[in-house]
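**Student:**
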Amino acid sequence: MVDTALNAPVDPAAKAAVEVERRDIRNRWLLAAPALVIIAFAAVGPLLIMVIYSFLTKGPYGGVIWQFSTDGWYRVLFETDIFDGTVTLADAHLSILWRSTKLSLATTLLALILGFPTAYFITTRPESMRGLWLFLITIPFWTNLLIRTFAIMEVIRNEGILNSFLIGVGLIDRPIQIMFTDFAIMLGMVYVYLPLMVLPLYASMEKLDFRLIEAAYDLYATRFQVLRRIIIPLVMPGIIAGSILVFIPSLGAYVTPRVLGGGKNMMLGNFIELQFGQGRHWPLGAALAITLMAVVMVALLVYVKNASRSTAHHD
Amino acid sequence: MPESRGRSLPDTAQKEKSSKPAAIDVQGVSKVFGSGHETVRALDDVSLAIGENEFFTLLGPSGCGKTTLLRLIAGFEHPSSGQIILYGHDISPLPPYKRPVNTVFQNYALFPHLTVAQNVGFGLQMLGKDPGEIETTVGKMLRLVRMEELKNRRVGQISGGQQQRVALARALAPRPKVLLLDEPLSALDLKLRKEMQIELKRLQHETGITFVFVTHDQEEALTMSDRLAVMSSGRILQIGSPHEIYDRPQNRFVANFIGDTNFLQGQVTKAANGIVEVKLASGAVVSANVAEGLEAKGKVTIVVRPEHASLVPPTGPVTLQGTLEHIVYFGTDTHYHVKLKHGSEFIVREQNDRGSSSKWSTGMNAGILFDENAAQVLSD
Numbered sequence: 002m003v004d005t006a007l008n009a010p011v012d013p014a015a016k017a018a019v020e021v022e023r024r025d026i027r028n029r030w031l032l033a034a035p036a037l038v039i040i041a042f043a044a045v046g047p048l049l050i051m052v053i054y055s056f057l058t059k060g061p062y063g064g065v066i067w068q069f070s071t072d073g074w075y076r077v078l079f080e081t082d083i084f085d086g087t088v089t090l091a092d093a094h095l096s097i098l099w100r101s102t103k104l105s106l107a108t109t110l111l112a113l114i115l116g117f118p119t120a121y122f123i124t125t126r127p128e129s130m131r132g133l134w135l136f137l138i139t140i141p142f143w144t145n146l147l148i149r150t151f152a153i154m155e156v157i158r159n160e161g162i163l164n165s166f167l168i169g170v171g172l173i174d175r176p177i178q179i180m181f182t183d184f185a186i187m188l189g190m191v192y193v194y195l196p197l198m199v200l201p202l203y204a205s206m207e208k209l210d211f212r213l214i215e216a217a218y219d220l221y222a223t224r225f226q227v228l229r230r231i232i233i234p235l236v237m238p239g240i241i242a243g244s245i246l247v248f249i250p251s252l253g254a255y256v257t258p259r260v261l262g263g264g265k266n267m268m269l270g271n272f273i274e275l276q277f278g279q280g281r282h283w284p285l286g287a288a289l290a291i292t293l294m295a296v297v298m299v300a301l302l303v304y305v306k307n308a309s310r311s312t313a314h315h316d
Numbered sequence: 098m099p100e101s102r103g104r105s106l107p108d109t110a111q112k113e114k115s116s117k118p119a120a121i122d123v124q125g126v127s128k129v130f131g132s133g134h135e136t137v138r139a140l141d142d143v144s145l146a147i148g149e150n151e152f153f154t155l156l157g158p159s160g161c162g163k164t165t166l167l168r169l170i171a172g173f174e175h176p177s178s179g180q181i182i183l184y185g186h187d188i189s190p191l192p193p194y195k196r197p198v199n200t201v202f203q204n205y206a207l208f209p210h211l212t213v214a215q216n217v218g219f220g221l222q223m224l225g226k227d228p229g230e231i232e233t234t235v236g237k238m239l240r241l242v243r244m245e246e247l248k249n250r251r252v253g254q255i256s257g258g259q260q261q262r263v264a265l266a267r268a269l270a271p272r273p274k275v276l277l278l279d280e281p282l283s284a285l286d287l288k289l290r291k292e293m294q295i296e297l298k299r300l301q302h303e304t305g306i307t308f309v310f311v312t313h314d315q316e317e318a319l320t321m322s323d324r325l326a327v328m329s330s331g332r333i334l335q336i337g338s339p340h341e342i343y344d345r346p347q348n349r350f351v352a353n354f355i356g357d358t359n360f361l362q363g364q365v366t367k368a369a370n371g372i373v374e375v376k377l378a379s380g381a382v383v384s385a386n387v388a389e390g391l392e393a394k395g396k397v398t399i400v401v402r403p404e405h406a407s408l409v410p411p412t413g414p415v416t417l418q419g420t421l422e423h424i425v426y427f428g429t430d431t432h433y434h435v436k437l438k439h440g441s442e443f444i445v446r447e448q449n450d451r452g453s454s455s456k457w458s459t460g461m462n463a464g465i466l467f468d469e470n471a472a473q474v475l476s477d
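Heads up: the protein sequence lines correspond to chains A and B, in order. Counting from 1 along the first sequence, just add 1 to a position and that's the residue number in our numbering. Counting from 1 along the second sequence, just add 97 to a position and that's the residue number in our numbering.
Here it is as structure tokens:
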């Protein structure tokens with residue numbers, strides 16, 4: 002484009018080309034405009050409101066008072082004892098953040114471990130059958146999240162299907178406590194977000210040239226080496242995309258931890274909600290929400306950077 | 098245990114045979130794909146022996162089973178029946194990564210996420226060689242295919258011809274006992290293909306590795322092979338040197354598939370010492386060669402290559418007579434289409450020299466002359 006711009010005054014054809022290009026660019030912006038407007042209103046706008054709220058003073062019964070304050074941000078990290086005024090690190094917040102991150106990472110990893118063979122299975126089906134398998138994978142998406150989560154609860158609760166079955170078979174004589182544990186939250190999130198892992202994995206596996214696998218076998222690679230040296234590097238874009246798609250909603254999950262984790266095992270999403278509800282500290286809630294977003298951003302950047310370094314760029 | 102993979106096979110049965118065993122001995126191999134009613138017999142009781150250091154070609158039209166045979170030797174498929182013996186050892190049950198055999202794939206199948214050097218070193222790495230040795234061998238291989246300068250490029254950044262060289266180097270690097278080449282030149286343009294043909298012969302000569310080459314290009318097969326097998330519908334029709342295949346085709350398919358051919362039909366009247374006399378429909382009597390082991394009697398077909406016959410004045414001694422119908426000029430040679438007396442067409446190809454163009458014109462009566470060495474009786 003730079004070249005044509007430089008040549009423009011000399012060559013009338015090039016000048017016309019520049020003109021056409023300009024019009025193309027303008028048309029493209031016009032096409033994108035509706036989406037851009039929605040993004041501006043629905044994403045950037047609320048985000049700005051959150052940033053502003055985080056720097057205001059909390060109202061006594063929720064809401065905010067329009068007066069500048071850093072109290073919200075201060076409370077993200079520190080807490081002041083109401084009796085003697087000593088300042089301590091807000092380890093409750095940090096531990097919730099840490100737990101959320103840990104659980105989300107575990108969810109992502111488990112979804113990857115379960116999703117990878119699933120996607121491979123679908124990829125290796127005859128082409129006419131793949132659509133059906135993909136449809137089956139996405140079926141959970143047709144059901145309301147809350148209902149699905151309650152359905153899991155029905156399976157894993159103390160008097161639920163799983164425990165009744167195990168007791169009935171005689172493997173255990175008292176129910177295993179699964180509900181209201183981190184494991185229950187993770188299980189629920191893996192179930193809910195698994196399709197988000199499988200679909201991008203499938204998309205990149207489908208593009209995989211299976212002759213490369215044959216070539217690797219031919220060059221003395223064992224099954225495991227073929228997986229590690231050929232398949233995984235080549236489907237890395239899918240692994241990255243799937244992991245991002247699972248990790249982000251897991252970190253901000255609200256319904257699943259609320260139902261399966263109970264009030265005790267809070268994740269960041271629930272804690273933020275608490276600030277806007279019973280906690281009546283909107284600036285803190287806003288600051289926490291922004292913190293969450295920052296964590297996600299940093300995690301993504303680090304992950305994408307590492308992943309793309311360890312794989313290769315496809316040409 | 099990298100030792101159990103790749104080149105080192107246990108060294109037992111081999112010594113019992115006094116004569117040098119064939120590099121590859123394919124014994125009665127059949128391959129059936131599918132099940133139930135929808136089966137396809139890709140290979141039907143195929144047997145052949147490929148010698149050490151041989152440049153052996155499997156030639157045939159697409160769907161003849163040549164690639165299936167190659168894949169069976171490589172280990173990507175397993176025979177439905179029969180055995181594949183590599184230097185005295187039955188390798189048919191082994192997976193590809195336990196066979197000291199490497200393949201150059203039709204579309205090269207280079208690893209797009211690795212550099213040229215990493216591609217070439219992949220096999221050695223999988224065999225667990227130490228990095229120093231890998232580097233030395235990779236350097237040597239890249240020199241061999243003249244690709245040293247591009248070793249750090251990604252394979253997507255090099256041209257088709259260069260990819261072809263990398264694929265060769267990659268397959269040769271682990272020093273396989275046999276190199277399998279699956280139509281490796283088919284994606285290249287004509288000029289590059291000619292270059293690579295010479296290159297391949299040079300590589301085979303320099304490495305001393307047995308090459309099994311699959312192609313549907315008869316010219317490629319004739320120019321490159323020490324021996325070739327012509328295949329059709331899952332069977333081997335004829336095995337022999339390019340000379341034998343071209344000059345002494347044993348059946349109609351081989352004669353037809355390779356080169357241009359004249360077919361003549363007639364009745365055997367006399368047979369002795371591998372030579373028969375055949376009386377054609379026109380009444381002319383032609384002497385022809387019979388392949389060893391073939392019993393020629395009754396109605397037979399004989400073939401004559403266009404360039405093995407010559408066009409002569411009808412007044413002298415002739416084998417066949419006819420009228421000149423078309424003259425097609427090809428630069429180096431001219432094709433004379435002669436309509437024989439009983440109706441069929443016979444083509445004579447004559448090399449051009451400066452004076453030859455004016456000698457014949459269409460409509461003239463012409464004689465065709467060839468001896469029994471130029472005529473071959475077919476088995477079908």
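Ideal Cβ positions, reconstructed from N, Cα and C, are used throughout, including at glycine.
1. Using DSSP bridges, identify the partner residues of B:Leu289.
2. B:Asn199 touches chain A at which residues, Cβ-Cβ below 8 Å?
3. Can you tell me the Cα-Cα spacing of A:Ser244 and A:Leu133, whole angstroms?
4. Report the residue from B:Asn359, B:Leu297, B:Asn150 and B:Arg299 whose alpha carbon sits nearest the alpha carbon of B:Arg402.
5. How long is the line joining the alpha carbons of B:Leu231 and B:Gln254, rounded to whole angstroms?
6. Against B:Gly220, what residues of chain A qualify as contacts under a CB-to-CB distance less than 7 Å, listed in chain order?
7. Which same chain residues, not among the five before or five after A:Ile273, have their C-beta less than 6 Å away from its C-beta?
8. Counting beta carbon pairs with one atom in the segment 199-218 of chain A and one in the segment 175-188 of chain B, are three or more of them shorter than 8 Å?
9. Going along the chain, which residues of its own chain have a beta-carbon closer than 8 Å to the beta-carbon of B:Ala471, five neighbours each way excluded?
10. In chain order, what residues of the same chain have a beta carbon less than 6 Å from the beta carbon of B:Val387, not counting five sequence neighbours either side?
11. Does the separation of the CB atoms of B:Lys396 and B:Thr420 fall below 8 Å?
12. So that I know if they touch, is there some Cβ in chain C lying closer than 8 Å to that of A:Pro61?
13. My parser needs the alpha helix (DSSP H) runs of 4 or more residues fully inside the segment 115-149 of chain A; what are they?
14. For B:Arg267 versus B:Asn216, is the C-beta distance shorter than 8 Å?
15. Which residue or residues does DSSP assign as beta-bridge partners of B:Phe308?
16. Along the segment 219-245 of chain B, where does the CB come closer than 8 Å to a CB of chain A? Name the residues.
17. Report the rounded CA-to-CA distance for B:Thr320 versus B:Gln294, giving the unit in angstroms.
18. Check the DSSP bridge columns for A:Pro61 and list the partner residues they point to.
19. Using only CA atoms, which one of A:Ala18, A:Trp99, A:Pro35 and A:Val38 lies nearest to A:Leu293?
20. Kindly list, in the order they appear in chain A, the residues whose Cβ is closer than 9 Å to that of B:Phe130.
21. Along chain A, in chain order, which residues have C-beta atoms closer than 9 Å to that of B:Tyr194?
22. With C-beta atoms as the reference, is A:Leu202 less than 8 Å away from A:Val236?
23. Taking the alpha carbon of A:Arg158 as the reference point, which residue from A:Leu172, A:Arg149, A:Ile148 and A:Ile177 has its own alpha carbon closest?
24. Examine the Cβ distances between the segment 83-91 of chain A and the segment 243-260 of chain A and report whether three or more of them are shorter than 8 Å.
25. Counting only beta-carbon atoms, is B:Asn204 nearer than 8 Å to chain A?
26. If I follow the unbroken alpha helix (DSSP H) through B:Tyr205, where does it start and stop?
27. Where does B:Gln448 sit, in a helix, a strand or coil, going by DSSP?
28. Does A:Pro127 have its Cβ less than 8 Å from a Cβ in chain B?
29. Under three-state DSSP, which class holds B:Leu417?
30. Looking only at its own chain, which residues have a Cβ that is under 7 Å from the Cβ of A:Phe151, when we skip the five neighbours before and after it?
31. When the cut-off is 8 Å and only beta carbons count, does B:Pro281 lie next to chain A?
32. Restricting to Cα atoms, I'd like to know which of B:Leu207, B:Ile342, B:Asp286 and B:Val129 is closest to B:Leu156.
**Tutor:** This is what the structure gives:
1. Working through the second sequence from its first residue, we reach residue 289 of chain B at position 192. None; B:Leu289 has no bridge partner.
2. Numbered from its first residue, the second sequence carries residue 199 of chain B at position 102. In chain order: Asp219 and Leu220.
3. Your numbering for residue 244 of chain A matches position 243 in the first sequence. Your numbering for residue 133 of chain A matches position 132 in the first sequence. As the crow flies, the alpha-carbon of A:Ser244 is around 24 Å from that of A:Leu133.
4. By one-based count along the second sequence, residue 402 of chain B stands at place 305. Distance check between B:Arg402 and each of B:Asn359, B:Leu297, B:Asn150 and B:Arg299 places B:Asn359 closest, using alpha-carbon atoms only.
5. Here residue 231 of chain B refers to the residue found at position 134 of the second sequence. Here residue 254 of chain B refers to the residue found at position 157 of the second sequence. For the record, residue 231 of chain B in the displayed sequence is Ile; it is not Leu. When rounded, the distance between both Cα atoms is 23 Å.
6. Here residue 220 of chain B refers to the residue found at position 123 of the second sequence. Leu220 and Tyr221, listed in chain order.
7. For the purposes of this step, residue 273 of chain A is taken as residue 272 along the first sequence, with counting starting at 1. Excluding sequence positions up to five before and after A:Ile273, its CB lies within less than 6 Å of the CB of Gly286, Leu289 and Ala290, all in the same chain and listed in chain order.
8. A contact between stretches requires three or more CB pairs, one per stretch, nearer than 8 Å, and the segment 175-188 of chain B fails this requirement with the segment 199-218 of chain A.
9. Position 374 of the second sequence, counting from 1, holds the residue named residue 471 of chain B. So the list reads Val401, Arg402, His405 and Ala406, once near-sequence residues are dropped.
10. Counting from 1 along the second sequence, the entry for residue 387 of chain B is found at position 290. Gly371, Val373, Ala393 and Val474.
11. As a position in the second sequence, residue 396 of chain B is number 299, starting the count at 1. As a position in the second sequence, residue 420 of chain B is number 323, starting the count at 1. Not closer than 8 Å, so no.
12. Reference to chain C is not applicable here, since the protein chains of this structure are A and B.
13. Counting only runs of 4 or more, we get 128-139.
14. Indexing the second sequence from 1 puts residue 267 of chain B at position 170. Indexing the second sequence from 1 puts residue 216 of chain B at position 119. Yes, they are a contact pair.
15. Position 211 of the second sequence holds residue 308 of chain B. Within the DSSP bridge table, the entry for B:Phe308 names B:Phe152 and B:Leu276 as partners.
16. Of all residues in the segment 219-245 of chain B, only Phe219, Gly220, Met223 and Leu224 come within less than 8 Å of chain A when Cβ atoms are compared, listed by chain position.
17. Here the question's residue 320 of chain B lines up with position 223 in the second sequence. Here the question's residue 294 of chain B lines up with position 197 in the second sequence. The alpha-carbon atoms of B:Thr320 and B:Gln294 are separated by roughly 8 Å.
18. By 1-based counting over the first sequence, the position of residue 61 of chain A is 60. Looking at the DSSP assignment, A:Pro61 forms a beta bridge with A:Gly63.
19. Along the first sequence, one-based indexing puts residue 293 of chain A at 292. Distances from the CA of A:Leu293 to each of A:Ala18, A:Trp99, A:Pro35 and A:Val38 were compared; the closest alpha carbon is that of A:Trp99.
20. Indexing the second sequence from 1 puts residue 130 of chain B at position 33. For a Cβ distance threshold of 9 Å, nothing in chain A lies close to B:Phe130: the least Cβ distance comes to about 14 Å.
21. As a position in the second sequence, residue 194 of chain B is number 97, starting the count at 1. Residues of chain A passing the Cβ test: Ala217, Tyr218, Asp219, Leu220, Tyr221, Ala222, Thr223, Arg224, Gln226 and Val227.
22. For the purposes of this step, residue 202 of chain A is taken as the residue at position 201 of the first sequence. For the purposes of this step, residue 236 of chain A is taken as the residue at position 235 of the first sequence. A distance below 8 Å separates the beta carbons of A:Leu202 and A:Val236.
23. Counting from one through the first sequence, the residue named residue 158 of chain A turns up at place 157. Of the candidates A:Leu172, A:Arg149, A:Ile148 and A:Ile177, the residue whose Cα lies closest to the Cα of A:Arg158 is A:Ile177.
24. Put simply, the segment 83-91 of chain A does not touch the segment 243-260 of chain A. Fewer than three CB pairs are less than 8 Å apart.
25. Taking the first residue of the second sequence as 1, we reach residue 204 of chain B at position 107. Cβ-Cβ to chain A under 8 Å: yes for B:Asn204.
26. Position 108 of the second sequence holds residue 205 of chain B. Careful: B:Tyr205 lies outside any alpha helix (DSSP H) and carries neither H nor E.
27. Here residue 448 of chain B is taken as the residue at index 351 of the second sequence, counted from 1. Here B:Gln448 sits in strand by DSSP.
28. For the purposes of this step, residue 127 of chain A is taken as residue 126 along the first sequence, with counting starting at 1. Not one chain B Cβ lies under 8 Å of A:Pro127.
29. Locating residue 417 of chain B in the second sequence gives position 320, where the first residue counts as 1. Correct three-state label for B:Leu417: strand.
30. By one-based count along the first sequence, residue 151 of chain A stands at place 150. These residues qualify, in order along the chain: Val260.
31. If you number the second sequence from 1, residue 281 of chain B lands on position 184. Interface criterion not met: the Cβ of B:Pro281 is under 8 Å from no Cβ in chain A.
32. Within the second sequence, the letter at position 59 stands for residue 156 of chain B. For B:Leu156, the nearest C-alpha among the options comes from B:Ile342.
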